[in-house]
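Protein chains in written order, with the numbering used here: chain A, 1 to 133; chain B, 1001 to 1065.
In this text, a Cβ means the ideal position worked out from N, Cα and C, and glycines have one as well.
Computed from a prediction, not measured in an experiment: that's the story for all the values here.
Notes to accompany the following structure.
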Amino acid sequence: MLSLWKYVRNEWFYTKSAAFLFTTSAILVVIFVLSAEFLPDSFGNGANYSAAQQAGFALLGILFGTSNIILLIGMFRFWVACDQSRPIARKIWFAVMIVGLLRLGLGAAAYCFVAYIPQVARGFSKGSSTVGT
Amino acid sequence: MRTFRAVVILSWLATALNLILFMAFPAYSRHVPYEIEGLLFFVALLVFALYKVYQLYRAGMNRSK
């Protein structure tokens, strides 16, 4: 986990590939968390489905776990090292991400949509692929 | 930060000491309910998690621009 934390440089967060990765993860996390909230418990229960369908659900589970890990590590790392917002906004976002852990990456997904993407997009609109530190 | 770290270390030490007392002195377990060990372990984990969150918060808020 620690090696993942230190694996990338701060500049990478401002690249298009990073923005794509985190946006995709955030969308997946929102879909999965909301579906876990609102779908009935019988949905995805192995006894009701064929082997192929069960394999599909297993793959979705792997995707869910991976996207959560990517999003949580990425957004906390961005918050710690790169976020250029005002201190009060950063404090609030930290609290949102911590409380959001109750629904895994939901807080981090909100942070991604409202704070991360606008900051990164500002760099794209300036015409450079990397901005910030 | 130093105080927080001391609390983390003390909570783990208390957990370990309680476990050692349980194993070494049967008389101890007659006076102290064994659930205490689980409770101490849970508290130590919680304090450690809070310490890591606080560490992350400090790293983020105090970084040089």
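Step through the CB atoms of chain A and report whether any lies within less than 8 Å of the CB of residue i.
i	result
residue 1061 of chain B	yes
residue 1056 of chain B	yes
residue 1004 of chain B	no
Using a Cβ-Cβ cut-off of 6 Å (strictly less than) and excluding sequence neighbours within five positions of residue i, which residues of its own chain qualify?
i	result
residue 133 of chain A	At residue 133 of chain A, the pLDDT of 43 sits below 50, so the modelled position is not reliable and the matter cannot be decided from this model.
residue 103 of chain A	33
residue 37 of chain A	none
Taking the beta carbon of residue i as the centre, do at least 16 other beta carbons fall within 10 Å, making it buried, or is it exposed?
i	result
residue 80 of chain A	buried
residue 106 of chain A	buried
residue 61 of chain A	exposed
residue 41 of chain A	exposed
residue 1059 of chain B	exposed
residue 66 of chain A	exposed
residue 56 of chain A	exposed
residue 75 of chain A	buried
residue 1063 of chain B	exposed
residue 93 of chain A	buried
Under 7 Å Cβ to Cβ from residue i, same chain only, skipping five residues before and after it: list those, please.
i	result
residue 1048 of chain B	1008
residue 1012 of chain B	1044
residue 19 of chain A	117 and 120
residue 99 of chain A	107
Let me see if you follow: with CB-CB separation under 8 Å, is residue i close to chain B or not?
i	result
residue 13 of chain A	no
residue 20 of chain A	no
residue 5 of chain A	no
residue 86 of chain A	no
residue 90 of chain A	yes
residue 94 of chain A	yes
What residues from chain A crowd round residue i, counting only those whose CB sits closer than 8 Å?
i	result
residue 1053 of chain B	98
Mind pulling the chain B residues with CB within less than 9 Å of residue i?
i	result
residue 81 of chain A	1059, 1060 and 1063
residue 76 of chain A	1056 and 1060
Under 8 Å Cβ-Cβ, which residues of chain B neighbour residue i?
i	result
residue 57 of chain A	Correct list: empty, because the minimum Cβ distance to chain B is about 31 Å.
Using a Cβ-Cβ cut-off of 8 Å, state whether residue i counts as contacting chain D.
i	result
residue 102 of chain A	Structure shown: chain D not included; protein chains present are A and B.
Skipping 5 residues on each side, what residues in its chain have a beta carbon closer than 8 Å to that of residue i?
i	result
residue 21 of chain A	70 and 74
residue 1019 of chain B	1037
residue 28 of chain A	63, 64 and 67
* **Residues in the segment 1037-1051 of chain B having any Cβ partner in chain A nearer than 9 Å** => Answer set for the segment 1037-1051 of chain B: empty.
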